[in-house]
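Trainee: My questions will all concern the structure given below.
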């Protein structure tokens with residue numbers, strides 16, 4: 001047995017312990033679960049580089065301190081939240097707004113709610129002891145991940161979305177997470193989406209904050225995708241430049257469903273996007289893709305665990321990372337195929353483009369296959385822009401900066417093109433163009 | 441004044457002397473063929489004119505319309521009217537041919553202080569030229585040269601040439617890898633662009649291309665310099681006798 005001796009808590013760990021002791025009495029519902037999850041966190045501490053899952057993202061080192069729990073948003077913060085998510089206007093989604101982690105119904109759009117759709121506050125559901133929430137929370141894809149444990153211990157608010165069997169939402173749901181940045185704060189949101197059998201839903205999350213503000217986000221979403229349902233989930237991580245953003249997605253996908261996941265990340269000083277996706281029904285088709293664009297000293301980690309326990313599912317994973325300045329991009333992708341998940345067809349590609357000598361890409365693809373009749377593969381490449389291709393563009397009169405931009409757009413475009421919704425696809429391509437304009 | 445004037449050009453690649461005092465003038469409206477054996481410096485000349493890095497000019501001068509070409513970046517040269525048709529056109533996945541053409545044309549127009557072309561005008565021009573080159577619209581929507589055959593790639597080069605309307609077109613081994621039908625389409629495309637205002641430098645190993653694009657002058661390049669110049673009959677002589685005599689002349 002390897003006994004680990006960690007008698008000394010970091011400043012952040014100590015602050016979290018104090019914060020939990022003083023806040024637990026007023027956090028909504030599930031007191032026993034919160035207590036046991038916090039114990040789990042305290043035992044393990046903040047994950048560090050000797051914990052394999054966190055090898056490239058040493059949260060203990062990156063999280064110098066823990067900010068105080070965010071206060072409920074004041075009138076001023078709510079006013080500033082009005083324009084949040086406006087960059088996604090072309091998507092024409094139904095805006096569901098959360099400010100500093102709190103669901104704000106008066107900023108959200110409940111007009112003409114489609115039949116079979118309900119949206120409510122997670123804090124209220126937890127406080128009321130809602131059985132549908134309690135029986136699912138933390139159980140959709142069980143994990144011993146420490147960031148999830150911390151989220152469960154501290155979760156304040158979020159949304160509970162239910163789409164009844166057979167219902168097809170005509171508009172995307174756009175969850176706008178706005179961090180007002182009035183004072184240093186930490187925000188713990190937890191959301192749950194239950195999509196019934198044969199239902200159709202598109203769920204977009206956008207996370208943004210005030211530039212220069214100092215805050216930490218730990219957000220988690222659990223999605224239950226019913227048999228034959230079609231669910232698209234897109235998460236756009238903007239956030240303020242000084243922030244730390246840890247996100248966990250737990251999705252369980254039923255049989256003969258379609259599930260598309262897309263992560264678009266440009267923001268925050270430190271980002272950890274972790275996804276735990278469980279293919280529990282046969283014959284599902286899934287696309288799990290992402291594009292990350294970083295500069296300066298940003299650090300972004302995408303960690304995926306795709307667990308196939310049922311057979312004949314097709315999954316395609318494509319992650320593109322563009323790294324400028326001294327930024328660091330991490331991709332960890334693990335595909336597990338259990339022994340009875342025959343005929344699984346899973347292909348994963350992680351590609352990183354380095355735009356500067358100081359940027360760093362770390363890539364760790366893993367396959368754990370216990371079935372004997374499967375098609376699985378992965379590829380990972382890291383490289384710079386091709387000089388010969390750039391010369392071809394220069395020789396046609398395209399100036400160097402424009403030629404680079406064209407190549408970068410083409411590189412991330414390959415992942416974005418996979419998005420079915422035209423408005424969203426165009427919006428993300430515009431996001432890429434905007435990011436390119438910020439390059440020196 | 442000649443459109444292109446190369447004076448005593450010396451060029452090294454990785455410390456190895458490739459062009460060795462090359463002098464050449466190309467008049468406005470002239471079609472000049474440059475023929476030579478493998479390793480004589482043909483492709484080096486093409487790349488130096490277009491401005492590729494890794495080619496070190498150790499001495500000499502190149503004047504383009506009286507201006508110092510070697511002082512210009514590749515994109516500046518293009519905007520001034522220099523065009524290199526690549527021997528091996530590159531594939532650019534994810535950049536649609538239409539986007540590539542529009543970006544190139546508008547970048548050049550912008551640099552020359554001209555208005556950008558409106559999308560309908562641009563589309564009309566591209567579709568018009570593409571039809572003549574037997575390039576279908578589906579190809580224009582695909583990534584640049586991605587999945588194109590050798591002939592399609594060369595036709596795409598001529599399409600770019602027609603659209604960008606350069607003053608000087610340098611064709612680097614455009615005939616390589618083409619069957620006779622593809623060669624005819626490409627040659628017709630080039631011939632349509634002939635004008636008193638436009639010059640061509642045809643770089644080729646074989647005389648075959650010159651049956652379809654008739655040159656005004658033929659220069660023989662050997663060991664990094666022009667060994668002989670003459671009329672179009674010189675190409676036939678080379679076809680019959682080969683390059684051996686030029687290699688020997690210089691070696692002695």
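Residue numbers (the working numbering), protein chains in the order written: chain A, 1 to 440; chain B, 441 to 692.
Glycine included, C-beta positions come from ideal geometry on N, C-alpha and C.
(1) May I ask you to report which of helix, strand or coil DSSP gives residue 692 of chain B?
(2) Which residue marks the beginning of the alpha helix (DSSP H) containing residue 547 of chain B, and which one marks its end?
(3) For the beta strand (DSSP E) that contains residue 202 of chain A, what are its first and last residues?
(4) Residues of chain B with CB closer than 9 Å to the CB of residue 442 of chain A, please, in chain order.
(5) Taking Cβ to Cβ, would you say residue 237 of chain A is nearer than 8 Å to residue 267 of chain A?
(6) With burial defined as no fewer than 16 other Cβ atoms inside 10 Å of the residue's Cβ, what is the status of residue 692 of chain B: buried or exposed?
(7) Nearest chain B C-beta to residue 394 of chain A closer than 8 Å, yes or no?
(8) Give the residues of chain A in contact with residue 518 of chain B, contact being defined as C-beta atoms less than 9 Å apart.
(9) For a test of the three-state rule: what should DSSP assign to residue 356 of chain A, helix, strand or coil?
(10) Tell whether a beta-carbon distance below 8 Å holds between residue 11 of chain A and residue 65 of chain A.
(11) So, does the CB of residue 402 of chain A fall closer than 8 Å to a CB anywhere in chain B?
(12) Please tell me whether residue 314 of chain A and residue 337 of chain A are closer than 8 Å, where the distance is taken between their beta carbons.
(13) Can you have a look at residue 113 of chain A and say buried or exposed, based on whether 16 or more other CB atoms are within 10 angstroms of its CB?
(14) Of all the residues that make up the stretch 492–517 of chain B, which are near chain A by a beta-carbon distance shorter than 9 Å?
(15) Along chain B, which residues have their Cβ under 7 Å away from the Cβ of residue 391 of chain A?
(16) Would residue 185 of chain A be called buried (16 or more neighbouring beta carbons within 10 Å of its own) or exposed?
(17) Looking at the unbroken beta strand (DSSP E) that takes in residue 460 of chain B, where does it start and where does it end?
(18) Please report the Cβ distance between residue 189 of chain A and residue 158 of chain A, rounded to the nearest whole angstrom; I am assuming they are in contact, meaning their Cβ atoms lie under 8 Å.
(19) Measuring alpha carbon to alpha carbon, tell me which residue in A:174, A:399, A:221 and A:171 is nearest residue 193 of chain A.
(20) To the nearest angstrom, how far is it from the Cα of residue 534 of chain B to the Cα of residue 525 of chain B?
(21) Run down chain A in chain order and give the residues with a C-beta less than 9 Å from the C-beta of residue 588 of chain B.
(22) For residue 631 of chain B, which of helix, strand or coil comes out of DSSP?
(23) Quick check: is the beta carbon of residue 526 of chain B nearer than 8 Å to any beta carbon in chain A?
(24) Inspect the beta-carbon positions of residue 380 of chain A and residue 326 of chain A and report whether they are closer than 8 Å.
(25) Grab me the residues of residue 164 of chain A's own chain with a C-beta within less than 6 Å of its C-beta, minus the 5 sequence neighbours each way, in chain order.
(26) Compare the Cα-Cα distances from residue 198 of chain A to each of A:370, A:62 and A:166 and report the closest residue.
(27) Between the stretch 512–524 of chain B and the stretch 466–475 of chain B, do at least 3 Cβ pairs fall closer than 8 Å?
(28) Apply the 10 Å Cβ neighbour rule to residue 514 of chain B and answer buried if 16 or more other Cβ atoms are within range, or exposed otherwise.
(29) So, is residue 74 of chain A buried or exposed, given that buried needs 16 or more other C-beta atoms within 10 angstroms?
(30) Which bits of chain A does residue 557 of chain B rub up against, with CB to CB less than 7 Å?
(31) To which residues of the same chain is residue 172 of chain A closer than 6 Å at the C-beta, ignoring the five residues directly before and after it?
(32) From the DSSP output, in three-state form, read off residue 38 of chain A for me.
(33) Pull up the CB-CB distance for residue 453 of chain A and residue 367 of chain A, whole angstroms please, since I reckon it's below 8 Å.
(34) Given 8 Å as the limit, is there contact between the stretch 428–438 of chain A and the stretch 597–613 of chain B, that is, 3 or more CB pairs closer than that?
(35) Go ahead and label residue 409 of chain A buried or exposed: buried means 16 or more other beta carbons lie within 10 angstroms of its beta carbon, across all protein chains shown.
(36) Quick test of your reading: residue 363 of chain A and residue 331 of chain A, contact by CB under 8 Å. State the CB separation rounded to the nearest angstrom.
Mentor: In terms of the structure at hand:
(1) Here residue 692 of chain B refers to the residue found at position 252 of the second chain. Because the pLDDT at residue 692 of chain B is just 41, under 50, the model does not fix this residue reliably, and the value given afterwards should be weighed accordingly. Of the three classes helix, strand and coil, the one that applies to residue 692 of chain B here is coil, per DSSP.
(2) Translated into positions along the second chain, residue 547 of chain B becomes position 107. First-last of the alpha helix (DSSP H) with residue 547 of chain B: 537–551.
(3) Working through the first chain from its first residue, we reach residue 202 of chain A at position 202. Counting along the chain, the beta strand (DSSP E) containing residue 202 of chain A begins and ends at 200–209.
(4) Residue 442 of chain A falls outside the range modelled here, since chain A spans only 1 to 440, and no answer is possible.
(5) Translated into the one-based positions of the first chain, residue 237 of chain A becomes position 237. Translated into the one-based positions of the first chain, residue 267 of chain A becomes position 267. In contact: residue 237 of chain A and residue 267 of chain A (Cβ atoms closer than 8 Å).
(6) For the purposes of this step, residue 692 of chain B is taken as the residue at position 252 of the second chain. Per-residue confidence for residue 692 of chain B stands at a pLDDT of 41, beneath the threshold of 50, marking its modelled position as unreliable; the derived number appears in the next sentence. Per the 10 Å Cβ criterion, exposed.
(7) The count along the first chain starts at 1 and reaches residue 394 of chain A at position 394. Judged by the 8 Å Cβ criterion, residue 394 of chain A is in contact with chain B.
(8) For the purposes of this step, residue 518 of chain B is taken as the residue at position 78 of the second chain. Going along chain A in sequence order, the residues near residue 518 of chain B (Cβ under 9 Å) are 394, 395, 396, 397 and 398.
(9) By one-based count along the first chain, residue 356 of chain A stands at place 356. DSSP places residue 356 of chain A in coil when its eight states are reduced to three.
(10) One-based indexing of the first chain puts residue 11 of chain A at position 11. One-based indexing of the first chain puts residue 65 of chain A at position 65. Yes, the pair counts as a contact, with Cβ atoms nearer than the cut-off.
(11) Locating residue 402 of chain A in the first chain gives position 402, counting from the first residue. Taking Cβ atoms only, chain B reaches closer than 8 Å to residue 402 of chain A, which makes this a yes.
(12) As a first step, residue 314 of chain A must be located in the first chain, where it is residue number 314. As a first step, residue 337 of chain A must be located in the first chain, where it is residue number 337. No. Outside cutoff.
(13) Position 113 of the first chain holds residue 113 of chain A. Looking at its Cβ environment, which holds fewer than 16 other Cβ atoms inside 10 Å, residue 113 of chain A is exposed.
(14) 492, 493, 494, 513, 514, 515, 516 and 517
(15) To locate residue 391 of chain A, count along the first chain from 1; it is residue 391. Within chain B, the residues near residue 391 of chain A are 492 and 514.
(16) Stepping through the first chain from its first residue, residue 185 of chain A is reached at position 185. It counts as buried.
(17) In the second chain, the residue the question calls residue 460 of chain B occupies position 20. Run containing residue 460 of chain B: 456–466, per the beta strand (DSSP E) assignment.
(18) Taking the first residue of the first chain as position 1, residue 189 of chain A is located at position 189. Taking the first residue of the first chain as position 1, residue 158 of chain A is located at position 158. At roughly 4 Å, the Cβ-Cβ gap stays under 8 Å, so residue 189 of chain A and residue 158 of chain A are in contact.
(19) As a position in the first chain, residue 193 of chain A is number 193, starting the count at 1. Ranking A:174, A:399, A:221 and A:171 by Cα distance to residue 193 of chain A puts A:221 first.
(20) As a first step, residue 534 of chain B is located in the second chain; it is residue number 94 there, counting from the start. As a first step, residue 525 of chain B is located in the second chain; it is residue number 85 there, counting from the start. When rounded, the distance between both Cα atoms is 21 Å.
(21) Counting from one through the second chain, the residue named residue 588 of chain B turns up at place 148. Simply none; closest approach about 14 Å.
(22) Numbered from its first residue, the second chain carries residue 631 of chain B at position 191. Correct three-state label for residue 631 of chain B: helix.
(23) Within the second chain, the letter at position 86 stands for residue 526 of chain B. It does: the Cβ of residue 526 of chain B has a partner Cβ on chain A nearer than 8 Å.
(24) The residue given as residue 380 of chain A occupies position 380 in the first chain. The residue given as residue 326 of chain A occupies position 326 in the first chain. Against a cut-off of 8 Å, the Cβ pair of residue 326 of chain A and residue 380 of chain A comes out as no contact.
(25) Taking the first residue of the first chain as 1, we reach residue 164 of chain A at position 164. The answer, listed in chain order, is 116 and 196.
(26) For the purposes of this step, residue 198 of chain A is taken as the residue at position 198 of the first chain. For residue 198 of chain A, the nearest C-alpha among the options comes from A:166.
(27) no
(28) As a first step, residue 514 of chain B must be located in the second chain, where it is residue number 74. Buried is the call here.
(29) Counting from 1 along the first chain, the entry for residue 74 of chain A is found at position 74. Exposed, since its Cβ has fewer than 16 Cβ neighbours within 10 Å.
(30) By 1-based counting over the second chain, the position of residue 557 of chain B is 117. The contacting residues do not exist; residue 557 of chain B stays about 13 Å from chain A at best.
(31) In the first chain, the residue the question calls residue 172 of chain A occupies position 172. The residues are 91, 93, 202 and 204.
(32) Numbered from its first residue, the first chain carries residue 38 of chain A at position 38. Of the three classes helix, strand and coil, the one that applies to residue 38 of chain A here is helix, per DSSP.
(33) Nothing can be reported for residue 453 of chain A: it is not among the residues displayed for chain A, which extend from 1 to 440.
(34) no
(35) Within the first chain, numbered from 1, the residue matching residue 409 of chain A stands at position 409. The residue in question, residue 409 of chain A, is buried, as its Cβ has 16 or more Cβ neighbours within 10 Å.
(36) On the first chain, position 363 is the one that residue 363 of chain A refers to. On the first chain, position 331 is the one that residue 331 of chain A refers to. Confirmed, Cβ separation roughly 5 Å.
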